[in-house]
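Just below is one structure, and these are the notes that go with it.
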Amino acid sequence: MWNKTNIEEELQQLQAPNHKEIFDKLMADQNLRTSTHEEDLNSRLTKSGQYNAFNINLLDSSRVYTLENIEKICVLYRLRFLDIKYFKPQLPEEAIHKMSSLEKEHDLTLQGLKVMAPSKLFKLEDKDDPLLFAPIGNGHYYLIHKWGNDLSRYRKAFVWPMRGPVHLLIALAFLSFILTSLIPSGLFSKNEDFAQWFILYMFMFKGVVGIAVFYAFALGKNFNPFIWNSKYFNA
Numbered sequence: 003m004w005n006k007t008n009i010e011e012e013l014q015q016l017q018a019p020n021h022k023e024i025f026d027k028l029m030a031d032q033n034l035r036t037s038t039h040e041e042d043l044n045s046r047l048t049k050s051g052q053y054n055a056f057n058i059n060l061l062d063s064s065r066v067y068t069l070e071n072i073e074k075i076c077v078l079y080r081l082r083f084l085d086i087k088y089f090k091p092q093l094p095e096e097a098i099h100k101m102s103s104l105e106k107e108h109d110l111t112l113q114g115l116k117v118m119a120p121s122k123l124f125k126l127e128d129k130d131d132p133l134l135f136a137p138i139g140n141g142h143y144y145l146i147h148k149w150g151n152d153l154s155r156y157r158k159a160f161v162w163p164m165r166g167p168v169h170l171l172i173a174l175a176f177l178s179f180i181l182t183s184l185i186p187s188g189l190f191s192k193n194e195d196f197a198q199w200f201i202l203y204m205f206m207f208k209g210v211v212g213i214a215v216f217y218a219f220a221l222g223k224n225f226n227p228f229i230w231n232s233k234y235f236n237a
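When you line the sequence shown up against our numbering, it's residues 3 to 237, in that order.
Encoded structure:
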């Protein structure tokens, strides 16, 4: 039986090579923010929800992720990374308990919470594996809790064509090749050669591209890099 994809593990593998460097930089940024001449700015930023003033020494360094790596995972698996107010389901008790524990341990009120999950779990405005994050500052986020079922192991391959225009064209070209190959030899001519096959292939390719374009416009679909942090359904 095939194992499903655990997004938290995917994040850990992506960040593992530079984990120490990332956390050391975060420690340096924290020391800079807490300097005397920046205390007022630190207070204003915290109130506006741009980041939470965690005590870095009390955090689990393995749960700190950069926005860059979060974006990469969202693009790979076609996920959204949005404010918690757009998240439809109720948070599980375990997530709420972890939030309360963090607030008590760090003596703060969590702000700017975000959730990484498939689009269907969000209340998106009209233009299966959630992870709850809290912003730390300078493009870093702390993973509070993960719950729910893991993603299908085929999701990454299934959404691969939506990673960009080039990926989509390659996928459509491959699909057209398969469809053309399924057409019985000699259906249109007794002596079929490569030139005839190529003409049939181009006809099939144009048809597949036309269907894809119609589907994209009709349903308001867009490529993964443009939707991962968008609150709009048809971004």
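Positions of the beta carbon are idealized from the N, C-alpha and C atoms, including for glycine.
Query raised in the report: Who are the Cβ neighbours of I86 in its own chain at under 6 angstroms, not counting the five residues just before and after it?
Result: Excluding five sequence positions before and after I86, the CB atoms of its chain that fall closer than 6 angstroms to its own CB belong to L115, V117, given in chain order.
Query - Residues near S178 by beta carbon distance below 7 angstroms, same chain, minus five either side - result: The residues are Y203, M206, F207, V210.
Report task. Using the Cα positions of G273 and A218, report the straight-line distance between them to the nearest angstrom. Result -> Residue 273 lies beyond the residue range present for the chain, which begins at 3 and ends at 237; the question has no answer from this structure.
Query raised in the report: What three-state label does DSSP hand L69 in the structure shown?
Result: In this structure, DSSP gives L69 a helical state, which the three-state scheme calls helix.
Query raised in the report: Are three or more beta carbon pairs between the region 63-71 and the region 16-23 nearer than 8 angstroms?
Result: Touching, yes, given that three or more Cβ pairs across the two stretches are closer than 8 angstroms.
Query raised in the report: Would you say Y79 and V161 are within 8 angstroms of each other, going by their C-beta atoms?
Result: At a Cβ-Cβ threshold of 8 angstroms, Y79 and V161 count as neighbours.
**Report entry** Between the CA atoms of A214 and E194 - distance to the nearest angstrom
**Finding:** Spanning the two alpha carbons is a distance of roughly 29 angstroms.
Requested in this report: Using beta-carbon positions only, say whether V77 and W199 come within less than 8 angstroms of one another.
Outcome: Judged by beta-carbon spacing, W199 lies beyond the 8 angstroms limit of V77, meaning their Cβ atoms are not closer than that value.
**Report entry** 8 angstroms Cβ shell around K158 - same chain, five flanking residues per side excluded
**Finding:** Counting only Cβ-Cβ distances below 8 angstroms, and skipping sequence neighbours, we find T7, L78, Y79.
Query raised in the report: Shortest alpha-carbon distance to K125 belongs to which of R82, L133, A220?
Result: The closest CA to that of K125, considering only R82, L133, A220, is found on R82.
Query raised in the report: Which residues bound the alpha helix (DSSP H) around K100?
Result: For K100, the uninterrupted alpha helix (DSSP H) run begins and ends at 95-108, by DSSP.
Report task. Please state whether DSSP places Y156 in a helix, a strand or coil. Result -> If DSSP states are grouped into helix, strand and coil, Y156 belongs with coil.
Query raised in the report: Cα separation between F26 and L181?
Result: A quick correction: the sequence has Asp, not Phe, at residue 26. So the two alpha carbons sit approximately 53 angstroms from each other.
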